[in-house]
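Chains as they are written, first to last, in this note's numbering: chain A, -17 to 342; chain B, 103 to 400; chain C, 5 to 422.
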Amino acid sequence: MTLLHGRARTWAGFAGAAVLLFALAPLALTDFRLGLLAKYLCTAMVAVGICLAWGRGGLLTLGQGLFFGLGGYAMAMHLKIADAGPGNLPDFMQLYGTATELPWWWRPFANPAFALAATVLLPMAVAALLGSFIFRRRVKGAYFAILSQALAAAFAIWLIGQQATTGGTNGLTDIQGFFGYDLDDPVNQRTVYFVIAAALLLLIALARQLIHSRYGELLVAVRDSEERVRFLGYDPAKVKLVAYVVAAGMAGLAGALFVPAVGIISPAMIGIVPSIEFVIGAAVGGRASLVGAVLGAIGVAWAKTALSEEFPAAWTYFQGLLFIVALAFLPGGLASLGGVLRRRRDRQRKAAVVAVGEAA
Amino acid sequence: MTVILGQTFTGISIGAVLLLIALGLSLTFGQMNVINMAHGEFIMAGAYTTYVLQKSISGAGISLLVALPVAFIVSGALGALLEWLLIRRLYLRPLDTLLVTWGVSLMLQQLARDIFGAPNVQTRAPDWLTGNVTLIGGADPLTVANSRLFILGLAVAAVVALTLTLRLTPLGRRIRAVVQNRDLAEVSGISTARVDRTAFFLGSGLAGIAGVALTLVGPIGPTMGTNVIIDAFLVIVVGGIGQLKGTVIVAFVLGVLQSVLEYSTTLSVAKVLVLVAIVAFLQWRPQGLYTLRTRSLV
Amino acid sequence: MSSGSSILRRRFLVGGAALAAVVALSACGAKTDAAGSSDKAAKADVSGDTVKVGLLNSLSGTMAISEVTVRDSLKLAIDEINASGGVLGKKIQPISEDGASDWPTFAEKAQKLIQEDRVAATFGCWTSASRKAVKPVFEKNKSLLFYPVQYEGLEQSPYIFYTGATTNQQIVPALDYLKSKGLKKLYLVGSDYVFPRTANKIIQAYAKANGMTILGEDYAPLGSTEFSTIANKVKASKADAVFNTLNGDSNVAFFKEYKSAGLTAKSMPVVSVSIAEEEVKSIGSQYLAGQLTAWNYYQTTAGAANEKFVKAYKAKYGADKPTSDPMEAAYTSVHLWKAMVEKAGSFDPEKVKAASDGITFEAPEGKVTVDGATQHIHKTARIGEIGTDGLIKEVWDSGKPVEPDPYLKGYSWASGLS
Chain A
-17 MTLLHGRART WAGFAGAAVL LFALAPLALT DFRLGLLAKY LCTAMVAVGI CLAWGRGGLL
43 TLGQGLFFGL GGYAMAMHLK IADAGPGNLP DFMQLYGTAT ELPWWWRPFA NPAFALAATV
103 LLPMAVAALL GSFIFRRRVK GAYFAILSQA LAAAFAIWLI GQQATTGGTN GLTDIQGFFG
163 YDLDDPVNQR TVYFVIAAAL LLLIALARQL IHSRYGELLV AVRDSEERVR FLGYDPAKVK
223 LVAYVVAAGM AGLAGALFVP AVGIISPAMI GIVPSIEFVI GAAVGGRASL VGAVLGAIGV
283 AWAKTALSEE FPAAWTYFQG LLFIVALAFL PGGLASLGGV LRRRRDRQRK AAVVAVGEAA
Chain B
103 MTVILGQTFT GISIGAVLLL IALGLSLTFG QMNVINMAHG EFIMAGAYTT YVLQKSISGA
163 GISLLVALPV AFIVSGALGA LLEWLLIRRL YLRPLDTLLV TWGVSLMLQQ LARDIFGAPN
223 VQTRAPDWLT GNVTLIGGAD PLTVANSRLF ILGLAVAAVV ALTLTLRLTP LGRRIRAVVQ
283 NRDLAEVSGI STARVDRTAF FLGSGLAGIA GVALTLVGPI GPTMGTNVII DAFLVIVVGG
343 IGQLKGTVIV AFVLGVLQSV LEYSTTLSVA KVLVLVAIVA FLQWRPQGLY TLRTRSLV
Chain C
5 MSSGSSILRR RFLVGGAALA AVVALSACGA KTDAAGSSDK AAKADVSGDT VKVGLLNSLS
65 GTMAISEVTV RDSLKLAIDE INASGGVLGK KIQPISEDGA SDWPTFAEKA QKLIQEDRVA
125 ATFGCWTSAS RKAVKPVFEK NKSLLFYPVQ YEGLEQSPYI FYTGATTNQQ IVPALDYLKS
185 KGLKKLYLVG SDYVFPRTAN KIIQAYAKAN GMTILGEDYA PLGSTEFSTI ANKVKASKAD
245 AVFNTLNGDS NVAFFKEYKS AGLTAKSMPV VSVSIAEEEV KSIGSQYLAG QLTAWNYYQT
305 TAGAANEKFV KAYKAKYGAD KPTSDPMEAA YTSVHLWKAM VEKAGSFDPE KVKAASDGIT
365 FEAPEGKVTV DGATQHIHKT ARIGEIGTDG LIKEVWDSGK PVEPDPYLKG YSWASGLS
């Protein structure tokens, strides 16, 4: 039994996470494993947004790869320009391109402030544009899911087709520096990890703020009964739009930080498969719970690495099985496991009492 | 002129393939609202069935014809099994269904890799399907491949059979009743669970037939299902859920659109343009081309 | 959860931000312009009586159709070496990792092999995209990669040995062959990624200088299987021949469509640079008989070394399994590494590199020699014709191994390319 409640528990959670991420992990893990953790934390950042938009808002966000990619490419374009140095073209453009100067849509990214802002604002703007159409037309459920996938796929195919200016299938690789710091240096790699960990905690705090605000209540209401919210005089389209745009911004930031952590961004991170993988982490952990979604995302990403290292030829069986068991038999994700067990125990204890309806 | 005609014919044949792939989904996704990502692997199962049968039956033509009913049953049985094991627990949770069946699809792909090997396998097409017929002769002849005509015929036959099943048989009446109002159907004495399973058997079985057809035009390998699955979902979404005629029209329209755009640009550009056109279309008609009026608010 | 006071919650945010800022500022490493960043190359672990090597191939995803056979071939070579006493008295212990057809995963696994498993060398990768993704990893860690697939050239990483063909050992000889046969109007079809696009740039430059015309150039996204329109375009162009740089699944669909359109090896031959015996087997000689391929090795290549290789491969993996060029290059790469290590007397990558120049091996494709300057190998170019039995019969060869020229410096027409 936990002795802490409410505020104190949240406080303790944050403090514990901070100690774990900032003190224990860097001490316990090798440089390589810490780099992997940085990568997992990036997917956890996407999961925070998914928790908000899907877990709380009921939006089937199956196209997060699109926003992750927008953020990632915005960051990588700036870093490639910076690596090349003033007046030079990025290496892949010299190899595959025909142009002798930067394409016009690359040029603004030479400015670090613009690029940094774009990593978050660009995905948010795209999400706002798409969302305002989609939600106003009341596109819902499966339609929205398939539509998101189509968009992510279209963006990936477009990137692949523009090899001379986007690096094509290769993506933007071999990124050397991060705002003047050499990514080759383990100390700088560690700093990148700290930045990512701090960003994740910030996003969690932000999402928590939103979830526990009046807006958060409204969002859940829209998820559970859109019609009733409409009858009460609210515009569900606007409520959903905010969650969708915030989730997109978070995915964009995650993509941007993924680039210095891994040193590569490619269309392989954008299409349908990664978009599904982003959602699966949150679902396995528990979509409606911030802690569940974040831990689920980290756990699933870690499991993928661990299983594929252990069983390189058969790991997809285990991965598939994990998804099936976690999702088909534990609808609330692992976060609900405690609740499920507690309820079962309670039920046994008060066997005579008529079972109360449970929220699915 | 021949170019335009030729591309239209090509478009129709692309549409026929799309239609055949999407037809099974029009039942499982369109009628029952289940996003089954493993549908692509049922197509794969149909293709591998053809491969296995060709090893035991020597004549390429006969084995292909035998493969059609066998693949229907193999894939259908896989589908019914999946429904019974997993999907029936997941109705009303569309995204969960998608993710769970995604897991199933990963496992089935790996299974195919372990049984048949990672490289693609080969099937022989019968000689009467490898040639082509000339529609307009002359210096720039307009020809249509026999295999494409066969697929077109197969798609039309499947649509007719499915329509008749839904319209005329007691089973079809039950399926339609469940789709239109599940609760009312249930209280009228229809076993909705059984109807669901039967519909899933039919839809997955159609995927098996699509798999047999795909052996004539494409590769047979563990990832063949993933290559086509999203296109198939798009056809259903644009056509309108629960409407067969929408699926048929949209499959052919998308096929022609793709082939015409591709001729004037490139395959990549055409694909992107088609996807963008679909998104724009859904802004205009969010429920697809045709909508089925049901009493549910969802 | 109960809703807490907003003041307290704001403190979280402020606290979190402050914490982040402090941590971010506290640790700052070398700047990009700082000279001589710390040398942190992971040293291979060669202390025991075994030596680890990494096998990095896609065992799942779309590329598994090709890469699994390369992994099998690498294992065969390792078994052979172990059976004959190992390398410098140590048995080779292969560590296999799945690149999963995903480029960032390749980079992750490469790093794992080098830093965690401390492998002495790594063998694998197939697509150019995966090689580009791992290249910085191998360079930063100063560890060696042996890359066994023909590729687009224009690359020379100090830590990669390229045992497949570069462009002047495959594409240029194929063009020479077409020219000698009087096939001067070409149509280019390729998958939409680096190798085909770069190859086609080279073909365009060659055509310009040699009086050939390119009638069209079409790309399909990797994995796409709808080729009816491209077949129509090719047919309408009335080209003499098609130069095909499609990869993987797409080839199956392309050749099925090609035949359906009524095009044959007689009316319009196709020269392919990514179709080897394994692909022939999965497409079917029904669709391929008579078409041309350009490689450095075929299962039918004459010689005792090849007989031994084919026999050993079939004994290990099954009589119906064909051998192909990338498999042969992979097999050869392990033997070359062994020879380099033994000449250097050390597993140290720098010493192995220094010892590499002039190393020869009686490979299944014939004698190959390592060119130390480019870290490519001298290979014999071969044009083959696909037979009805699914095997490829050589119709032309370069007579002697061709010196690798990844940047095509020896060809005046290629001066504008790099």
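For each residue, glycine too, the CB sits at the ideal point set by N, CA and C.
For the region 133 to 148 of chain A, the set of positions with a beta-carbon nearer than 8 Å to some beta-carbon of chain C reads Ile139, Ile142, Gly143 and Gln145 in chain order.
Glycine 168 of chain C is not a Cβ neighbour of leucine 250 of chain C, given a cutoff of 8 Å. Under the three-state reduction of DSSP output, proline 140 of chain C falls in the helix class. A Cβ of chain B is located within less than 8 Å of the beta carbon of isoleucine 69 of chain C.
In this structure, A/Lys21 is the residue among A/Leu3, A/Leu2, A/Lys21 and A/Ala189 with its C-alpha nearest to the C-alpha of threonine 287 of chain A. With respect to chain A, the C-beta atom of tryptophan 204 of chain B has a partner C-beta closer than 8 Å.
Close to isoleucine 246 of chain A, with beta-carbon spacing below 9 Å, are these residues of chain C in chain order: Trp107, Pro108, Ala111, Lys136, Ala137 and Pro140. Between leucine 316 of chain B and valine 337 of chain B, the C-beta spacing is not below 8 Å. In the structure shown, serine 100 of chain C adopts extended strand secondary structure according to DSSP, grouped into three states. For aspartate 375 of chain C, the enclosing beta strand (DSSP E) stretches over residues 370 to 375. The distance from the Cβ of lysine 94 of chain C to that of aspartate 53 of chain C is about 6 Å, consistent with a contact at the 8 Å cut-off.
Counting other Cβ atoms within 10 Å of its Cβ, tryptophan 230 of chain B stays below 16 and is therefore classed as exposed.
Neighbours of lysine 373 of chain B across chain A, judged by C-beta separation under 7 Å: Ile139. At least 8 Å separates the CB of isoleucine 381 of chain C from every CB of chain B. Of the residues assessed, glutamine 156 of chain B falls on the buried side of the cut-off, its CB having 16 or more other CB atoms within 10 angstroms. Taking 8 Å as the cut-off between beta carbons, the residues of the region 278 to 310 of chain A near chain B are Ala296, Thr298, Tyr299, Gln301, Gly302, Leu303, Leu304, Phe305, Ile306, Leu309 and Ala310, in sequence order. Three or more Cβ pairs closer than 8 Å define a contact, and the region 258 to 268 of chain A falls short of that threshold against the region 66 to 79 of chain A. For tyrosine 150 of chain B, the uninterrupted alpha helix (DSSP H) segment begins and ends at 141 to 158.
The beta carbon of threonine 112 of chain B falls within 8 Å of a beta carbon belonging to chain C, placing the residue at that interface. Boundaries of the alpha helix (DSSP H) harbouring threonine 173 of chain A: 168 to 193, taken from the DSSP string. Against chain B, a Cβ distance below 9 Å from tyrosine 125 of chain A picks out Val339, Ile343, Leu384, Pro388, Gln389 and Gly390. Think of a sphere of 8 Å around the beta carbon of glutamine 290 of chain C: the chain B residues whose beta carbon falls inside it are Arg226, Ala227 and Thr232, in chain order. Its Cα nearest to that of glutamate 221 of chain C, the residue B/Thr368 stands out among B/Ile106, B/Thr368 and B/Val119. For proline 85 of chain A, no Cβ of chain B is located within less than 8 Å of the residue's own Cβ.
For tryptophan 400 of chain C, the enclosing beta strand (DSSP E) starts and ends at 396 to 401.
Within the same chain, and ignoring the five residues on either side of leucine 200 of chain B in sequence, the residues whose Cβ sits closer than 7 Å to its Cβ are Ile137 and Met139. Bridge partners of leucine 296 of chain C according to DSSP: C/Val275 and C/Glu389. Under a criterion of Cβ atoms nearer than 9 Å, the residues of chain C adjacent to asparagine 329 of chain B are, in order, Thr66, Gly227, Ser228, Thr229 and Asp253.
Taking a cut-off of 8 Å on C-beta distances, the region 345 to 363 of chain C does not touch the region 396 to 410 of chain C, as fewer than three cross pairs fall below it. Threonine 245 of chain B is bridged by DSSP to B/Thr236.
Taken in chain order, the complete alpha helix (DSSP H) segments of 4 residues or longer contained in the region 128 to 192 of chain C are 132 to 145 and 175 to 184.
If you ignore the 5 residues before and after glycine 327 of chain B, its C-beta comes within less than 6 Å of the C-beta of Gly142, Glu143, Ile145 and Met146, all in its own chain and listed in chain order.
Boundaries for asparagine 255 of chain C: no beta strand (DSSP E) harbours it, while the alpha helix (DSSP H) harbouring it runs 253 to 264, taken from the DSSP string. In the three-state DSSP reduction, threonine 202 of chain C falls in the helix class (H, G or I). For the region 242 to 266 of chain C, the set of positions with a beta-carbon nearer than 9 Å to some beta-carbon of chain B reads Gly252, Asp253, Ser254, Asn255, Val256, Ala257, Lys260, Glu261, Lys263, Ser264, Ala265 and Gly266 in chain order. Within the region 11 to 30 of chain A, Thr12, Asp13, Phe14, Arg15, Gly17, Leu18 and Lys21 place their CB atoms closer than 9 Å to a CB of chain C, listed in sequence order.
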